[in-house]
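Asker: First to last, the protein sequences are chains A and B. Residue numbering for the first sequence follows the working numbering, starting at 1 and increasing by one per position. Residue numbering for the second sequence follows the working numbering, starting at 1 and increasing by one per position. What follows is a structure written as structure tokens; I'll ask about it next.
Protein chains: 2
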Amino acid sequence: MTSGEEGQGQAPVFGPDFAAQLETLLQWRRDVRHFDQRPVAAADMHVLLRSACLAPSVGNAQPWRFVHVRSPAIRAALADHIDVESRAASAQYADKGQRDSYLALKLHGVREAPELLAVFCDEVPVAGHGLGIATMPEMLRYSTVLAIHTLWLAARVRGIGLGWVSIVQPRTAAAMLDVPADWSLIALLCIGYPAEQGQTPELEKRGWQAREPLADRVIER
Amino acid sequence: MTSGEEGQGQAPVFGPDFAAQLETLLQWRRDVRHFDQRPVAAADMHVLLRSACLAPSVGNAQPWRFVHVRSPAIRAALADHIDVESRAASAQYADKGQRDSYLALKLHGVREAPELLAVFCDEVPVAGHGLGIATMPEMLRYSTVLAIHTLWLAARVRGIGLGWVSIVQPRTAAAMLDVPADWSLIALLCIGYPAEQGQTPELEKRGWQAREPLADRVIER
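Set out below in structure tokens:
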């Protein structure tokens, strides 16, 4: 920052302690499926949503749309739908052992989580004026994902857990939630205090899939 | 965390100071298009990539694939391609004033950024064993976006800027980089120390698009 630029104050310098704490946050963020029943304060939900809106977005289009699900009937319908889709997905595992492992996993906390948030992407936002999406219109959906991740970290730093549920037919969920036709479902988020905390992903603890080495993920050109 | 669970050590508690600093980080993260020429240390690049791999992913599939672009010829070809696509995209603005505003924006630093990283999603990863993608295969791409955002924050906390370039034909870039057929381009990332820092998004400073109120982004059902 050139000093005094636009009166925005001094650019912050983040020290090594903060960097280390951020890494701890990343290591202890988890996808949570087991919630305790302690409610999430409305003020905290507001902070999480406000934080989400600090995410980057293509053309600054801010295409994220949050649907706070308060109706018990809609929540129950979503949970039933997910269970049907999850059972259907188990058919992809020809090996009975693997199928049984899959069916034994707890894949969502939609029924128990104190808060349920559906996140959509507005595919035709006015904001942004089309910048950056001529060749990659999916950037709007990716921007919405960035907002979800921001919300996730803002939650975890406050001890609040989040579980991202994707075993859902996006159009079915959109219909249940009666949202505008141009909105695409990106995620169904379960939010609440986790019943337990851990540094190891649940799917790793249960032997489904461990972390893989970085070296397998980088090539040069 | 139940105490002593799996010997993972005590779950961290993040205090209000860290939460405030995290919010500052989110507020000062920027999409950077102006870089100075100071190189990014190889050790820092390694930390950024390692941090990215802490991101959540569907089924723990870790579908992110990073291509570190070191060839000046490939970089130049990518930059030329982006300029062609950006000029083509300007045709969407029928209003001459808006088109001129668009063309006056600096939309990428592909030629100058000390480091260039192309990020792909492996659409058929072995890891994860298909969990969570039966109804939403796009979750693999979204997982890759989560890794990019994680890398972005890990960079900014170290004073390193990142610019996400999306004005690119994904298949053209994939061909230039000669990656496996099952990899989809998610982002081209310019990485380096920013020439200036600011709290206001560049597109807002230049009058293209300001932040919009949270209330316009939340509904209830």
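We put the beta carbon where it would ideally sit given N, CA and C, even for glycine.
(1) For P194/A, which beta-bridge partners are listed by DSSP?
(2) Does C53/A have its Cβ less than 8 Å from a Cβ in chain B?
(3) Taking the CB atoms as reference points, tell me whether H108/B and G163/B lie closer together than 8 Å.
(4) Using CA coordinates, which residue listed in R50/A, P16/A and Q21/A is at the minimum distance from Q27/B?
(5) Can you look up F120/B in the DSSP assignment and give me helix, strand or coil?
(6) Locate the beta strand (DSSP E) running through R65/B, then write down its first and last residues.
(7) How big is the Cα-Cα spacing for G128/A and E220/B?
(8) Chain A partners of D250/B, CB-CB under 8 Å?
(9) What is the residue span of the alpha helix (DSSP H) that E85/B lies within?
(10) With H, G and I counted as helix, E and B as strand and the rest as coil, what does DSSP make of G59/A?
(11) Roughly how many whole angstroms lie between the Cα atoms of T2/A and Q10/A?
(12) Any Cβ of chain A within less than 8 Å of the Cβ of E5/B?
(13) Can you tell me which of the three DSSP states W152/B falls into?
(14) Flag this pair as yes or no: are the beta carbons of Q62/A and E23/B separated by less than 8 Å?
(15) Quick one: which chain A residues come within Cβ less than 8 Å of Q27/B?
(16) Taking the alpha-carbon of W183/B as reference, which of F35/B, V124/B and M136/B has the nearest alpha-carbon?
(17) Measuring from the CB of E212/A, is there a heavy atom of the ligand ADP at a distance below 7 Å?
(18) Just grab the DSSP bridge partners of A43/A for me.
(19) For a test of the three-state rule: what should DSSP assign to M1/B, helix, strand or coil?
(20) Just to make sure I have the definition right: I need the residues of chain A whose C-beta is within less than 7 Å of the C-beta of D36/B. Which are they?
(21) Would you say Q169/B faces chain A, with C-beta separation under 8 Å as the test?
(22) Can you give the beta carbon distance from G161/B to G192/B, rounded, assuming they're within the 8 Å contact cut?
(23) Could you tell me the distance, in whole angstroms, from the CA atom of G97/B to the CA atom of S90/B?
(24) Going by C-alpha distance, which of A20/B, A154/B and P201/B is nearest A52/B?
(25) List, in chain order, every chain A residue whose beta-carbon is nearer than 7 Å to that of L214/B.
(26) Could you give the residue range of the beta strand (DSSP E) that holds G161/A?
(27) To the nearest angstrom, how far is the alpha carbon of D122/A from that of L214/B?
(28) So which residues of chain A does W64/B contact, with C-beta pairs closer than 8 Å?
(29) Helix, strand or coil, according to DSSP, for W183/A in the structure here?
(30) Who are E212/B's beta bridge partners in DSSP?
(31) Report yes or no: do three or more beta-carbon pairs, one from the region 165-182 of chain A and one from the region 35-48 of chain A, lie closer than 8 Å?
(32) Between V58/B and S143/B, which are expected to be in contact by the criterion C-beta below 8 Å, what is the C-beta distance as a whole number of angstroms?
(33) Short of 8 Å in beta carbon distance, which residues of its chain neighbour A20/A, apart from the five on each side in sequence? Order them along the chain.
(34) Identify the residues that DSSP records as bridge partners of L54/A: which are they?
(35) Which one or two residues does DSSP pair with I219/A in a beta bridge?
(36) Give me, in chain order, the residues of the same chain whose beta-carbon lies closer than 6 Å to that of W64/A; leave out the 5 immediate sequence neighbours on both sides.
Answerer: In brief:
(1) Stepping through the first sequence from its first residue, residue 194/A is reached at position 194. Partner(s): F35/A.
(2) Stepping through the first sequence from its first residue, residue 53/A is reached at position 53. Closer than 8 Å: yes.
(3) Residue 108/B sits at position 108 when you count from the first residue of the second sequence. Residue 163/B sits at position 163 when you count from the first residue of the second sequence. The answer is yes: Cβ separation under 8 Å.
(4) Along the second sequence, one-based indexing puts residue 27/B at 27. The option with the nearest alpha carbon to Q27/B is R50/A.
(5) Counting from one through the second sequence, the residue named residue 120/B turns up at place 120. Strand at F120/B.
(6) Position 65 of the second sequence, counting from 1, holds the residue named residue 65/B. Per DSSP, R65/B belongs to the beta strand (DSSP E) from W64 to H68.
(7) Within the first sequence, numbered from 1, the residue matching residue 128/A stands at position 128. Within the second sequence, numbered from 1, the residue matching residue 220/B stands at position 220. So the two alpha carbons sit approximately 25 Å from each other.
(8) It is not possible to answer for residue 250/B, since the shown part of chain B is limited to 1 through 221.
(9) By 1-based counting over the second sequence, the position of residue 85/B is 85. E85/B -> alpha helix (DSSP H) spans P72 to A89.
(10) Reading the first sequence from its first residue, position 59 is the one you call residue 59/A. Note: G59/A maps to helix in three-state DSSP.
(11) Taking the first sequence and counting its residues from 1, the one referred to as residue 2/A is at position 2. Taking the first sequence and counting its residues from 1, the one referred to as residue 10/A is at position 10. Per-residue confidence for T2/A stands at a pLDDT of 33, beneath the threshold of 50, marking its modelled position as unreliable; the derived number appears in the next sentence. When rounded, the distance between both Cα atoms is 9 Å.
(12) By 1-based counting over the second sequence, the position of residue 5/B is 5. Note on E5/B: pLDDT 41, under 50, position unreliable in the model; no value is reported.
(13) The residue labelled residue 152/B in the question sits at position 152 within the second sequence. Correct three-state label for W152/B: helix.
(14) Stepping through the first sequence from its first residue, residue 62/A is reached at position 62. Stepping through the second sequence from its first residue, residue 23/B is reached at position 23. Not in contact: Q62/A and E23/B (Cβ atoms no closer than 8 Å).
(15) Residue numbering aside, residue 27/B sits at position 27 when the second sequence is read from its first letter. Those within 8 Å of Q27/B in chain A are L54.
(16) Taking the second sequence and counting its residues from 1, the one referred to as residue 183/B is at position 183. Here the closest residue by C-alpha is V124/B.
(17) Looking for the ligand ADP in the displayed structure turns up nothing, as the structure carries no ligands at all.
(18) Against the first sequence, residue 43/A aligns to sequence position 43. A43/A pairs with nothing; no bridge assigned.
(19) As a first step, residue 1/B is located in the second sequence; it is residue number 1 there, counting from the start. Low per-residue confidence applies at M1/B: pLDDT is 28, beneath 50, and the placement is therefore not dependable enough to give any value.
(20) As a first step, residue 36/B must be located in the second sequence, where it is residue number 36. Near D36/B there are no residues of chain A at all, since even the closest Cβ is about 12 Å away, more than 7 Å.
(21) Against the second sequence, residue 169/B aligns to sequence position 169. Cβ-Cβ to chain A under 8 Å: yes for Q169/B.
(22) Counting from 1 along the second sequence, the entry for residue 161/B is found at position 161. Counting from 1 along the second sequence, the entry for residue 192/B is found at position 192. The pair is a contact, with the Cβ atoms about 6 Å apart (cut-off 8 Å).
(23) The sequence position of residue 97/B within the second sequence is 97, counting from 1. The sequence position of residue 90/B within the second sequence is 90, counting from 1. G97/B and S90/B: Cα-Cα distance of roughly 11 Å.
(24) Here residue 52/B corresponds to residue number 52 of the second sequence, with the count starting at 1. Looking at the Cα atoms, A154/B is the closest of the given residues.
(25) Residue numbering aside, residue 214/B sits at position 214 when the second sequence is read from its first letter. Ordered by position in chain A, the residues that pass the 7 Å Cβ test against L214/B are L49, R50 and C53.
(26) Here residue 161/A refers to the residue found at position 161 of the first sequence. Its beta strand (DSSP E) spans residues G161 to V165.
(27) For the purposes of this step, residue 122/A is identified with residue 122 of the first sequence, where counting begins at 1. For the purposes of this step, residue 214/B is identified with residue 214 of the second sequence, where counting begins at 1. About 14 Å.
(28) As a position in the second sequence, residue 64/B is number 64, starting the count at 1. Correct list: R217.
(29) Looking up residue 183/A in the first sequence gives position 183. The answer is strand: DSSP assigns W183/A an E or B state.
(30) If you number the second sequence from 1, residue 212/B lands on position 212. Paired residues: none, contrary to the question.
(31) no
(32) Counting from 1 along the second sequence, the entry for residue 58/B is found at position 58. Counting from 1 along the second sequence, the entry for residue 143/B is found at position 143. About 5 Å separates the two Cβ atoms, so the contact holds.
(33) Counting from 1 along the first sequence, the entry for residue 20/A is found at position 20. Result list for A20/A: empty, nothing under 8 Å.
(34) As a first step, residue 54/A is located in the first sequence; it is residue number 54 there, counting from the start. L54/A pairs with nothing; no bridge assigned.
(35) Counted from its first residue, the first sequence places residue 219/A at position 219. Answer is V67/B.
(36) Here residue 64/A refers to the residue found at position 64 when the first sequence is read from its first residue. These residues qualify, in order along the chain: T144 and A147.
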